[in-house]
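**Student:** According to mature numbering (1 follows the signal peptide of the UniProt record, and there is no 0), the sequence shown holds residues -25 to -1, 1 to 84 in order. C-beta atoms are modelled at their ideal positions from N, C-alpha and C, and glycine is treated no differently. It should be emphasised that the depicted structure is a prediction, and the values quoted were computed from it without experimental measurement.
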Amino acid sequence: MVLKGYAAQCSKILAVAMLSLGAGATEFAPGEVVERFCAACHERGIANAPRIDQVSDWQSRLEMSSLEEIIARGWAGNRRMPPKGYCTRCTEEDFAAAVQEMLPEQLLP
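1. Tell me which residues share the same chain as Phe3 and place their Cβ nearer than 6 Å to its Cβ, disregarding the 5 neighbours each side in the sequence.
2. Measure the alpha-carbon distance for Cys65 versus Ile27 and round it to whole angstroms.
3. Can you give the Cα-Cα distance for Met56 and Gly49, rounded to whole angstroms?
4. Looking only at DSSP bridge pairs, what is Met39 linked to?
5. Any chance you could list the alpha helix (DSSP H) runs of at least 4 consecutive residues sitting entirely within the region 42 to 74, in chain order?
6. From Leu83 to Gln75, what distance separates their C-alpha atoms?
7. Out of Arg19, Pro79, Ala24 and Leu78, point me to the one whose CA is closest to Gly52's CA.
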């Protein structure tokens, strides 16, 4: 089956990112997770993903939900975002740190 649009773009980028990780890796620096997994969609807001460091994108979400709820939904999978955002070997701590890494500084708790 041929994927179209954002799904195809994200899938290709993330497949390469997954292959580039070391086999034994279990913890990643937040910036590394963002660069290798999150940025594929969050850099440009593909499928309405909140863009990295964009106050308006994150502010509206934080007005409706706590940061903990946003992280939990992303971890479980939310709308078009797959569980863990394709970072299958990320721990919950890795994932939470990556989400906080994408938030604009003025919105950090």
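**Tutor:** Short version:
1. Asp69
2. 19 Å
3. 7 Å
4. Beta-bridge pairing links Met39 to no other residue.
5. 42 to 51
6. 7 Å
7. Relative to the Cα of Gly52, the nearest Cα in the group Arg19, Pro79, Ala24 and Leu78 belongs to Ala24.
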